[in-house]
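Notes follow the structure.
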Amino acid sequence: MNEKYVKAVRRYHRNLTFALGVILLIFILIPLFVKSPYILNIFILVFYMSTLSMAWNLLGGMTGQNSLGHAAYMGLGAYVSCMLITKAHINPWLSALLCMVVVGLVAGVIFFPCFILRGPYFTLVSIAFGEALRQFIINSTFFGRASGIGLPFKKGNSFLDVRFTSKVPYYYIGFVMLILVYLFMKKIERSRMGYALRTIREDEDAAAAIGINPIRYKVMAVVVSAMVAALVGFFYASYTRYIDPELMVQAKSTESVLPAVVGGAAYVEGPLVGGLIMIPLSEFLRAKYSAILPGINMLLYAIALLAVIRFRPTGILGWYMGSKVKNFVDTVILKKPPVEWFEAVEQERSGRKEA
Amino acid sequence: MMEKTPIIEVQHITKRFKGLTAVKDVSFTIREGGITGMIGPNGAGKSTTFNMICGYYPPTEGKIFFRGQDITNKKAHEYTNMKIARTFQIMKPLKNLSVLENVVASCYFGHAAAKNNREARERAMEILQFTGLYEKRHVLSKDMGTPDQKRLEMARALATKPELLFLDENMAGLNPAETEDAIRLIREINASGVTIFLIEHIMKAVVSLCEEVIVLHHGEKIAEGTPEQVMNDPYVMEVYLGKKEAPHAQSN
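As structure tokens, this is what we get:
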């Protein structure tokens, strides 16, 4: 009897690994077949915007704290790493680490007082923070005012300097960043911190009743989220080689929210699904229609978004999780056994360990 | 009655909300290992007293001691580390999480916090079995009815391994059969060594469970003693059970 469970569970895991492997392989092979820089650019855009959206999702989806300032963390990250590279001549990879630390500290210090209050204050401060930061940079000669700063262009490729003439290396770096951040978020979701954040999202009083300090965990969430956004900022700066304060406008913050909301903010995978659909859609609409009817792409984009929020408020994944499609994928393709079998196997395993 | 150091000692606590005095100069003790109840009509200040003892708002005056240690100004989230847990009158299940996840979350915190996911899940399973929610472990907690949500409140509190459990109207809204189940569960929890302090409206439950009862009225303590003593107190009969009713008309 138990043998049957173990076999079924093992087979399911094998099928799942195989399916994920195929998807990974497709993404790895894409640059070998797709030579158009335009298409590659869209993929890179998907990678870093989805990563930014995952950072947002840690706060907005998991903790229930709606931030509208993620473009500012990303922008600050980009600025800090550019300043470190151009003025202090620090290696870009090292600057990535340093800019994450700086942005994490700034976010922690600014948002700690907001979390003493409950309610929408955090959202309000996050909007103000982004705008204040943008105005500060526009008016600061040190940060290059409104004209921004460029990273040095040199001939040839250098992995050490994160400087490539082709888009392909950026594609892979972006992809690796996406995967690493995804695994990191998945790890958080299953950890004590993940449970604390979700408990806070559902009810702060209930969280306190089981011994969670809501302020402490909310600050942790905002710091981690801002650090990941800073990493995206570093990637963006290295990719475009030029940044300006426009990076931090409010609309960009909203763009970081969309993939998560459309994909399903309750799921770590939500931003991935949403990003993969919404960003190519946006780019396609822009390319196709902006010459004929300027702004029509934004309009259609907004309609698509409204439709999701109106008809599928839990996002695409929220719909998928309860749908027949998932049932079909699970039972026919992946051959997923019932939950009880997993538990039986788990119990068996822990029993064996204790013995 | 056996004299022992009380697990909780409340000394002259008063709570004022602006002009309104919700609780006025209330003192009592909770005996370790027992089941102590608090009753009183609506608006008597029961929940306010409860919330003060559990750290949700500090008393305006007075002090609260836990095993001789002053805990008056402890924050709500520090309580599970002192092995004290509570439930809420208005249930606060983590709506979008499954019953299992609700309890796993609790297992991660408190004085005996689980170190990893496996340990947390194993402990959660035990508690679900104990509270009779095991069969429903994969149901989203918002999809359950009141009786199961009340059970879940208790399961979540128990998952922090308390030695003192505060139950806020854990039987309100249950039918007689469900109330019987709840009483049995509370007895079992108490028998496992957990001291219980409860607020309850259902007199039958109070009489059958509690060894000691405290009666509040208009924010003041008006009586204290065994259920029989309290029920036969003329003043309690007047304010709580109605003026001319005999004590056997107890159906709330």
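So the sequence lines, in the order shown, correspond to chains P and S.
Under this note's numbering, the first residue of the first sequence carries the number 34, and numbering increases by one thereafter.
Under this note's numbering, the first residue of the second sequence carries the number 144, and numbering increases by one thereafter.
Beta carbons are placed, not taken as given, at the ideal position from N, Cα and C, and that holds for glycine.
Just so we're clear, the structure is a prediction, and the values are computed from it rather than from any experiment.
Residue i versus residue j: straight-line alpha-carbon distance, rounded
| i | j | result |
| --- | --- | --- |
| P/Met95 | P/Asn48 | 29 Å |
| S/His361 | S/Gly205 | 18 Å |
| P/Arg382 | S/Met314 | 39 Å |
| P/Val55 | P/Ile366 | 14 Å |
| P/Asn99 | P/Phe155 | 7 Å |
| P/Glu288 | P/Pro327 | 19 Å |
| P/Arg345 | P/Ala299 | 13 Å |
| S/Ile357 | S/Glu367 | 5 Å |
| P/Leu193 | P/Trp126 | 7 Å |
| P/Leu215 | S/Ile342 | Note that residue 215 of chain P is Tyr in the sequence shown here, rather than Leu. Cα to Cα, P/Tyr215 sits roughly 46 Å from S/Ile342. |
| P/Phe268 | P/Val67 | 22 Å |
| S/Cys250 | P/Met331 | 47 Å |
| S/Glu278 | P/Glu373 | 11 Å |
| P/Val158 | P/Phe144 | 8 Å |
| S/Leu301 | P/Ser258 | 32 Å |
| P/Met253 | P/Val261 | 12 Å |
| S/Leu271 | P/Asn124 | 54 Å |
| S/Lys167 | S/Arg280 | 43 Å |
| P/Tyr81 | P/Phe217 | 15 Å |
| S/Asn216 | S/Ile196 | 10 Å |
| P/Arg343 | P/Gly307 | 16 Å |
Residue burial classification, residue i (beta-carbon count within 10 angstroms, cutoff 16)
| i | result |
| --- | --- |
| P/Asn360 | exposed |
| P/Lys200 | buried |
| P/Val142 | exposed |
| S/His155 | exposed |
| S/Ala392 | Caution is warranted here: a pLDDT of 48 is assigned to S/Ala392, below 50, making its placement in the model unreliable, and no coordinate value can be reported. |
| P/Ala111 | buried |
| S/Phe411 | Outside the shown range of chain S (144 to 395) lies residue 411 of chain S, about which nothing can therefore be said. |
| P/Pro370 | buried |
| S/Val349 | buried |
| P/Leu62 | exposed |
| P/Lys37 | exposed |
| P/Val134 | exposed |
| P/Gly102 | buried |
8 Å Cβ cut-off: residues of chain S touching residue i
| i | result |
| --- | --- |
| P/Asp424 | No answer is possible for residue 424 of chain P: it lies beyond the span of chain P, which begins at 34 and ends at 388. |
Cross-chain neighbours of residue i in chain P, by beta carbon under 7 Å
| i | result |
| --- | --- |
| S/Asn239 | Glu235, Ala299 |
| S/Thr274 | Going along chain P, no residue has its Cβ under 7 Å from S/Thr274, so there is no contact; the nearest lies around 15 Å. |
| S/Val247 | Tyr228 |
| S/Thr223 | Ile243, Gly244 |
Simplified DSSP assignment, three categories, for residue i
| i | result |
| --- | --- |
| P/Lys220 | helix |
| S/Arg159 | strand |
| S/Met314 | coil |
| P/Met116 | helix |
| P/Ala388 | For P/Ala388, the predicted structure reports a pLDDT of 49, less than 50, and the residue's modelled location is therefore unreliable. A value from the coordinates is still provided. Of the three classes helix, strand and coil, the one that applies to P/Ala388 here is coil, per DSSP. |
| S/Lys304 | coil |
| S/Ser351 | helix |
| S/Gly205 | strand |
| S/Arg174 | coil |
| S/Val153 | strand |
Contacts that residue i makes with chain S (C-beta to C-beta distance below 7 Å)
| i | result |
| --- | --- |
| P/Ile245 | His220, Phe252 |
| P/Ala254 | Going along chain S, no residue has its Cβ under 7 Å from P/Ala254, so there is no contact; the nearest lies around 15 Å. |
| P/Arg225 | Tyr251 |
| P/Ala241 | Ala219, His220 |
| P/Thr232 | Leu237, Ala248 |
Proximal chain P residues relative to residue i, where beta-carbon distance stays under 9 Å
| i | result |
| --- | --- |
| S/His281 | Val372 |
| S/Arg299 | Ala239, Ala242, Ile243 |
| S/Thr303 | Ala242, Ile243, Gly244 |
Proximal residues of chain P, C-beta to C-beta of residue i below 8 Å
| i | result |
| --- | --- |
| S/Asn260 | Arg223, Ser224 |
Under 8 Å: do the region 178-198 of chain P and the region 200-213 of chain S share three or more Cβ pairs, one atom per stretch? no
Would you list, in chain order, the members of the region 337-364 of chain P that have their beta-carbon closer than 7 Å to a beta-carbon of chain A? Of the protein chains in this structure, namely P and S, none is chain A.
With three or more C-beta pairs closer than 8 Å as the rule, is the region 269-287 of chain P touching the region 161-175 of chain P? yes
Any contact between the region 298-306 of chain S and the region 218-229 of chain S? By contact I mean 3 or more CB pairs, one from each, below 8 Å. The region 298-306 of chain S, when compared against the region 218-229 of chain S, does touch it at the 8 Å Cβ threshold.
At a cut of 8 Å, does the region 72-80 of chain P reach the region 300-319 of chain P through at least three beta carbon pairs? At 8 Å Cβ cutoff, the stretches touch.
Are there three or more Cβ pairs, one per stretch, closer than 8 Å when the region 311-326 of chain S is compared with the region 236-245 of chain S? no
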